[in-house]
Every structure is written in structure tokens, then in C-alpha cells.
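Everything on this sheet refers to the single structure shown next.
2 protein chains.
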Amino acid sequence: MSAVTINDVARQAGVSKKTVSRVINNEANVSVETRDKVMAVIQATGFKRNPLGMALAKNRSLFIALLADNPSPGYLQKLQKGVLQYCSESNMGLFLYDCSYRSPGLVAEIEGFIDNTLADGLILVPPLSDKKELLDMLNRRKVAYVRIGAPDAALGDSVGFDNQQAAYELTRYLLRLKHKDIGFVLGHPDQGSSQRCEAGFRQAYAEAGIEFPEKLLVQGYYTFQSGVDAAAVLLNKTPRPTAILASNDEMAVGVLYSAHSRGLKVPDDISVVGIDDIALSTKVWPNLTTMRQPITAIGYRAAYKLIRKLQGLPDEGPKNPEADLLTCELIVRDSAREPGRN
Amino acid sequence: MSAVTINDVARQAGVSKKTVSRVINNEANVSVETRDKVMAVIQATGFKRNPLGMALAKNRSLFIALLADNPSPGYLQKLQKGVLQYCSESNMGLFLYDCSYRSPGLVAEIEGFIDNTLADGLILVPPLSDKKELLDMLNRRKVAYVRIGAPDAALGDSVGFDNQQAAYELTRYLLRLKHKDIGFVLGHPDQGSSQRCEAGFRQAYAEAGIEFPEKLLVQGYYTFQSGVDAAAVLLNKTPRPTAILASNDEMAVGVLYSAHSRGLKVPDDISVVGIDDIALSTKVWPNLTTMRQPITAIGYRAAYKLIRKLQGLPDEGPKNPEADLLTCELIVRDSAREPGRN
DNA sequence: CGACACATTGACACCGGTGTCAATATGCTT
DNA sequence: AAGCATATTGACACCGGTGTCAATGTGTCG
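Line by line, the protein sequences give chains A and B.
First residue of the first sequence: 2, per this note's numbering; consecutive thereafter.
First residue of the second sequence: 2, per this note's numbering; consecutive thereafter.
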């Protein structure tokens with residue numbers, strides 16, 4: 002059945018196994034006749050190189066891993082899809098590893114994971130991508146990585162999108178709709194994206210020359226539940242905000258939920274918008290108006306960058322020197338409109 | 002830095018590398034002094050066995066893979082969590098692979114994936130777990146697998162839960178609430194679980210001595226969109242059903258969405274229930290009444306069964322001879338109640 | 001024709017472990 | 001004390017590939 006080895010091919014083709022190795026690796030300096038002969042045997046026998054043997058010899062495993070804490074499940078899922086897609090295209094295996102951001106043994110745990118799998122490279126999802134100790138360990142052990150969503154040239158390659166721009170444009174959109182009292186649900190305080198979102202809100206207000214409603218800024222943690230809780234606070238304020246902007250869709254859906262449970266109608270009584278455009282956003286009623294982040298594309302691009310680096314090939318993507326920032330897009334759906342008579 | 006090999010340990014401990022191998026594998030017939038001496042060096046050097054070398058020598062990779070098409074993202078996510086958990090506990094790596102159920106090259110594609118990764122075993126998520134050609138290939142290649150959610154002793158080990166029982170109890174619950182015209186959204190026709198659900202509906206009606214409403218049976222495909230579509234059909238019937246039971250929560254949420262978009266109130270105007278209890282079910286308004294399937298536990302148990310099998314250790318779980326069927330549980334939330342005056 | 005660059009190929013060691021088997025030491029039986 | 005079973009250990013080949021280097025063959029130049 003299986004197990005046609007390089008030795009079998011070599012024997013049948015009447016060459017040394019090194020020559021077979023040359024052929025399967027497309028190396029130069031193999032005569033055309035030899036190459037054809039070997040290829041024929043490979044075809045006939047259905048030979049596939051054993052990745053483990055190769056990995057051992059080359060000290061390169063051909064596996065990468067996606068490391069994630071689980072902030073917004075919908076986000077992770079889309080990201081994973083993009084990563085997986087490029088992995089398939091390039092015949093790389095993708096390991097999955099869940100970890101807990103707050104666990105004290107995190108770095109050691111991940112070190113153990115690397116030892117167990119010998120993954121060549123890692124894709125780090127926020128908030129892991131901001132974790133200095135982790136990056137230090139990876140640098141020390143010379144494990145390649147690409148970070149998602151946290152551009153900071155000093156910390157290494159990253160792919161993400163411009164949260165500040167997204168929040169800025171979304172806020173402008175609400176301001177254009179004539180909302181003035183907008184409630185903001187912040188993201189997780191440990192994540193850089195959170196501060197960038199906040200900067201975007203403020204920027205839009207500043208440009209419009211309207212005083213920023215400091216009292217309508219509520220802490221969130223990027224989770225559904227934190228959105229529910231934040232909305233509960235905001236909806237008790239007087240005057241009640243006419244719109245709520247959450248730093249991600251997962252929380253925006255929580256806001257929606259909170260509004261519904263107090264009998265408020267969206268968008269008649271209050272507008273709700275988010276950022277990301279995850280699958281969930283079109284499963285709730287009403288569909289969420291949001292800034293679409295090309296999450297799957299980001300995952301794809303991250304995998305591309307990592308794998309190209311591992312292969313020693315140049316990155317032929319966008320020429321952005323330090324970080325890839327993919328652009329976002331306003332998706333107008335049904336959860337926001339001009340404030341009504343209340 | 003890294004790369005303490007078994008040779009290094011052997012040299013420093015003054016023994017042969019085979020003896021070191023014996024120690025790290027906990028083999029018998031090593032004297033206590035030797036074991037201690039070797040252990041001390043292992044501790045001191047921080048030696049970790051290289052999984053690739055081991056895999057090559059033993060012809061066992063210590064990696065398993067989760068193969069999935071993507072029926073209901075929430076389902077997959079919970080499952081993945083359970084699988085990952087047991088993998089972590091047992092130091093196994095988990096590969097992820099997405100595939101398309103309908104792709105004609107599916108079997109060859111998966112075969113290629115196995116060649117690329119040398120995964121020791123596979124966990125198959127429905128509808129893959131029903132795919133005869135796939136199972137044949139795996140048997141032929143002697144790749145171990147555990148199937149999720151499709152008990153059928155002839156096809157190999159499986160872990161799942163009793164869909165028929167779930168649908169049966171859920172239907173009884175609605176009947177007890179005095180619903181009579183219940184609309185049913187069936188699952189994917191290719192998946193066995195779908196027929197079992199249907200059997201459960203019918204069983205409950207038969208027991209109650211009520212004629213089964215054949216006209217209220219609508220085809221679905223386990224996706225959100227198919228739930229939306231099926232509900233559109235059901236809500237146009239006269240008389241309109243007073244309740245809709247969907248074969249999974251993903252579709253039930255679609256039904257909810259459909260009801261909302263026609264201005265119907267749930268549960269005042271119509272009750273909606275589903276099966277699974279995914280994360281989504283508590284993010285929509287109103288929260289979904291559902292039969293909870295212990296999805297994460299199923300994933301955990303599947304990984305357990307597979308890995309124990311690979312390790313040649315006995316399965317010390319439930320003594321169910323052919324398939325593990327974990328029990329389900331009715332979760333009463335806010336999307337169903339007695340039919341109103343209409 | 002000799003010297004030399006270059007293309008082609010294979011022998012062999014090596015990556016980091018494990019399996020087999022033989023060598024030696026030890027304890028027990030009679 | 002001889003005979004034998006058992007415990008402990010290491011030498012060596014092997015898993016399936018790749019890297020190094022030397023040995024050939026071929027073409028070009030002076």
C-alpha cells in the first residue's frame with residue numbers, strides 16, 4: 002500500500018537516492034534524461050516524500066501554528082479560515098493552539114507546545130500579539146512569527162487593519178446622521194487596538210468641532226457579555242445616547258441584546274454600530290451596520306507572510322515596509338439611522 | 002540555546018543513548034541509579050525529546066487532525082474547543098483541515114493532506130463522518146479515526162448524541178405547551194442526524210395520538226440561511242404554525258430572523274426552538290429555548306477515544322459498546338411559550 | 001593536446017530518535 | 001560450585017530524507 006520510500010524510487014530508477022532527492026526538490030544540475038526517468042518512477046509508484054524524514058533532515062517541519070486566546074469567536078473563525086486557505090495552497094500543516102491570555106504560565110506553556118510540535122512558525126492573534134514576554138521568548142528561540150492586528154515595527158512583522166481609521170469613519174457616519182450623544186464601548190484595555198479605536202472616535206469629534214462626550218465612554222472587553230454590560234450602563238444615562246458605537250461587532254451584538262431586553266427598538270429608539278463584520282452581524286435582528294475588516298484576507302496574508310519567510314522567498318505583497326494594513330469598508334445595514342423623535 | 006539531543010544527555014550521563022531512550026519512555030529494566038542519573042541530566046539540560054525524530058523512528062507522529070466541512074460555525078467551534086482540550090492534556094498536536102463536502106476530489110484531497118502531515122488519526126465531523134468513500138480510504142490506509150455524531154457500528158468508532166431523543170423530547174415539550182401546528186425544519190438530507198430528528202418528531206406525535214402535520218415539514222440544510230428560507234415558507238402557510246422546531250440552532254436563529262423581519266414577535270406570535278445550544282443561541286433576542294447537546298464534551302471524548310486508541314491504551318470511558326451517545330438536556334429560555342390568542 | 005571550468009552523479013555521514021539482539025552481571029536453584 | 005533464569009546495558013542498524021564532498025564526464029580555451 003503506502004510507504005514508497007525514496008530508496009524504492011532510487012532502486013527502480015537505477016540512480017542514487019540523492020539524485021531522487023534532487024529531482025523532488027527541483028534542484029539544478031540534473032540531466033533531463035535522469036529527471037524524466039526519475040519522474041516516471043515517481044508517477045508510477047505514487048511516491049510522496051515523507052514530511053517527517055524531511056523535517057528531521059532539514060530541521061524545518063513544514064508546520065505552522067495559529068495561537069489564539071479567544072476574544073471574539075466569530076473573529077477567530079474568519080481569521081482561521083484565511084490562514085487555513087493559504088496553508089492548503091502551500092501544503093503546510095496548520096496546528097491549532099488555544100491558550101489563555103492571562104495564564105501566568107503562558108510563555109512556558111507555549112514553549113512546551115513548540116517543543117511538542119516543532120512548528121516552524123507562529124501566527125499570533127491579539128491579545129497575544131502584544132505580549133512582550135512571549136515575543137522575547139520566540140526571538141530567543143528563533144521561532145518565526147507574524148502578528149495579527151498590532152502594527153509596531155519594533156515587535157516584528159504584522160498584518161492588521163487600521164482600527165483608528167475604522168472608528169474614525171464610523172463615528173463620522175453617525176455624526177453625519179446627526180447623532181450627537183454617541184455612547185462608546187471601548188475594547189480590552191490591554192490591547193492596542195482599543196486605544197486606536199478611541200483615538201478614532203476623538204478624532205472625528207475634534208474634526209466636527211463638537212465636544213467629546215467623555216461621560217459616554219464605557220469600558221468593554223471585546224466580548225459579547227461586556228457589550229451587554231456596557232450597554233446597560235449607557236442606557237441608564239440621561240439623556241440617553243441616541244447611538245452606541247462598540248469597538249467590535251461581538252460587543253455591538255451585546256448592545257443590541259441589551260437594548261432589546263429593555264424593550265428598545267433598534268434603530269428606531271437607538272442606533273447601534275460595530276466594527277469587524279463577523280458572521281454574527283448578519284444573523285441578528287436587525288442586521289448590524291459595521292465597518293468591515295477583511296479578517297479572512299488578513300489571515301490569508303499573515304499565513305502568506307509567515308510561510309514565504311520560512312521558505313526564504315521574498316514577500317511579493319504590498320510594499321508596506323513594516324506592517325500590512327488592509328483597508329476597511331463601511332457596511333450600511335439596518336441597525337443605524339437618524340435619531341428619531343425619541 | 003535549544004537542541005539538547007539525546008546524544009548530549011547520554012554523553013553527560015555516561016550511558017548509551019538507548020538507555021536514555023528507555024528512561025524517557027519509562028521502560029522497565031533500568032536500574033534506579035541509572036534512571037536517577039539520567040533524570041538529573043535531563044533536568045539540568047532541559048532536554049526535550051524531538052517529536053520528529055521519534056515520529057520517524059516509531060512511524061507514529063503524535064499529531065491528529067480535525068477534518069471539517071463547515072455546517073454550523075458555532076457547532077464546529079465548540080467541538081474544536083473540546084478536541085483541543087484533550088490534545089493539550091495529552092501533548093498531542095492538532096491539525097486543522099477544512100474541506101468541502103461536495104468537492105469531487107474530496108477523498109484524494111484528504112489523502113494528500115494525510116501525506117503532507119502524517120497525522121496519526123482523524124476526527125471526522127458530519128457530514129464527513131457519513132461519507133463512505135472517505136472511510137474506505139482511511140481503512141485501506143489504516144489511518145485511525147473517530148466519527149462525530151453518526152453512530153453506526155459498521156462504520157467504526159463514533160461519539161455523538163441521540164438526535165432522535167432530543168427531537169422527541171423537544172416536540173413533547175411543545176405539545177405539552179399545547180402547540181399542535183408545529184412547523185419542522187429538517188436538517189441536511191445527506192446527514193443521518195437529519196432522519197433521526199425527523200423520527201423523533203414523529204414519535205412524539207404518535208405517542209400523543211395526534212396526526213402528524215406532514216405539510217409543515219420543510220427541508221433545511223443546517224445553515225442559517227436555510228433556516229431563514231424554510232421559515233419564509235412556513236410562515237406563509239394558513240393556518241400559520243404556532244411554533245417552529247428547527248433541527249439545529251443555527252437554523253432556529255434563521256427562523257427567528259425570518260419572523261422578526263415580518264414583524265412577528267417571538268414568542269408572543271410564534272414559538273421557535275432549536276437543537277444544540279451553541280454560543281449564538283444566547284446572543285440573539287430572545288434567547289433560544291433548545292436541547293443542549295454537550296458539544297464540547299463530545300469533542301473531548303472523541304479526542305480521548307482516538308488518542309487512547311493510538312496509544313494502544315484501553316478506553317476507560319462509558320461502556321457503550323459501539324458508539325458513545327452523550328445525553329442531551331432541555332434548556333428552557335425565552336423563545337417558546339404557550340400559543341397566544343393569535 | 002593539456003589545463004581548467006563546469007555539469008552530473010553517487011558514497012557516506014547525519015538529523016534525533018527507536019528496535020533488535022547480544023554481552024555482561026546478578027541472583028537463585030540444586 | 002555448576003547451571004540457569006533474569007535484570008541491565010550498549011552496539012549497531014534503521015526510520016526517510018538531506019548536506020557535503022569527491023569522482024567522474026564533458027566542453028572550452030589557449
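Even glycine gets a Cβ: it sits at the ideal position worked out from N, Cα and C.
For the alpha helix (DSSP H) containing S282 of chain B, name the first residue and the last one. Careful: S282 of chain B lies outside any alpha helix (DSSP H) and carries neither H nor E.
Less than 7 Å between the C-beta atoms of S62 of chain B and D121 of chain B, yes or no? yes
From Q204 of chain B to V254 of chain B, what distance separates their C-alpha atoms? 25 Å
Environment of Q192 of chain B [buried if 16+ CB atoms lie within 10 Å]: buried
Within 10 angstroms of its Cβ, does I211 of chain B collect 16 or more other Cβ (buried), or is it exposed? exposed
C-alpha distance - L95 of chain A paired with L85 of chain A, whole-angstrom precision: 7 Å
Grab me the residues of M2 of chain B's own chain with a C-beta within less than 6 Å of its C-beta, minus the 5 sequence neighbours each way, in chain order. Because the pLDDT of M2 of chain B is 44, which lies under 50, any placement of that residue in the model is unreliable, and the number read from its coordinates should be weighed accordingly. Result list for M2 of chain B: empty, nothing under 6 Å.
Sequence-distant residues of its chain with Cβ nearer than 7 Å to R293 of chain A (five each side left out): D278, C329, E330, I332
Taking 7 Å as the CB-CB cut-off, is P74 of chain B touching chain A? yes
Going by DSSP, which residues form a beta bridge with D182 of chain A? Paired residue(s): none; D182 of chain A is not in a bridge.
Identify whether V16 of chain B lies in helix, strand or coil by the three-state DSSP scheme. coil
Through-space distance from L236 of chain B to L311 of chain B, alpha-carbon basis: 50 Å
Residues near A167 of chain A by beta carbon distance below 8 Å, same chain, minus five either side: C198, G201, I276, M292, Q294, C329
Among A:V186, A:L175, A:N60, A:L123, which one has its Cα closest to the Cα of G157 of chain A? A:L123
Chain-ordered chain B contacts of G94 of chain A [CB-CB under 7 Å]: F96, N117, T118
What separation, rounded to the nearest whole angstrom, lies between the Cα atoms of N117 of chain A and R241 of chain A? 53 Å
Measure the Cβ-Cβ separation of G150 of chain A and P127 of chain A and say whether it is below 7 Å. yes
Less than 7 Å between the C-beta atoms of G221 of chain A and A231 of chain A, yes or no? yes
CA nearest to the CA of Y76 of chain A, picked from A:A304, A:A280, A:K284: A:A280
Please confirm if D277 of chain A has its CB atom under 7 Å from at least one CB of chain B. no
With distances taken Cα to Cα, identify the nearest neighbour of T1 of chain B among B:G300, B:F213, B:D250, B:P190. Because residue 1 of chain B is not part of the residues shown, which for chain B are 2 to 343, the question remains open.
Identify whether D99 of chain B lies in helix, strand or coil by the three-state DSSP scheme. strand
Rounded to whole angstroms, what is the Cα-Cα separation between T35 of chain B and A109 of chain A? 28 Å
Taking K284 of chain A as the query, report the chain B residues whose CB atoms sit under 8 Å from its CB, ordered along the chain. F225, V254, G255, Y258, L281, V285
For K306 of chain A and A29 of chain B, I'd like the C-alpha separation in whole angstroms. 47 Å
Is the Cβ-Cβ distance between E339 of chain B and L175 of chain B less than 7 Å? no
Which word fits V10 of chain B, buried or exposed, when buried means at least 16 other C-beta atoms lie within 10 angstroms of its C-beta? buried
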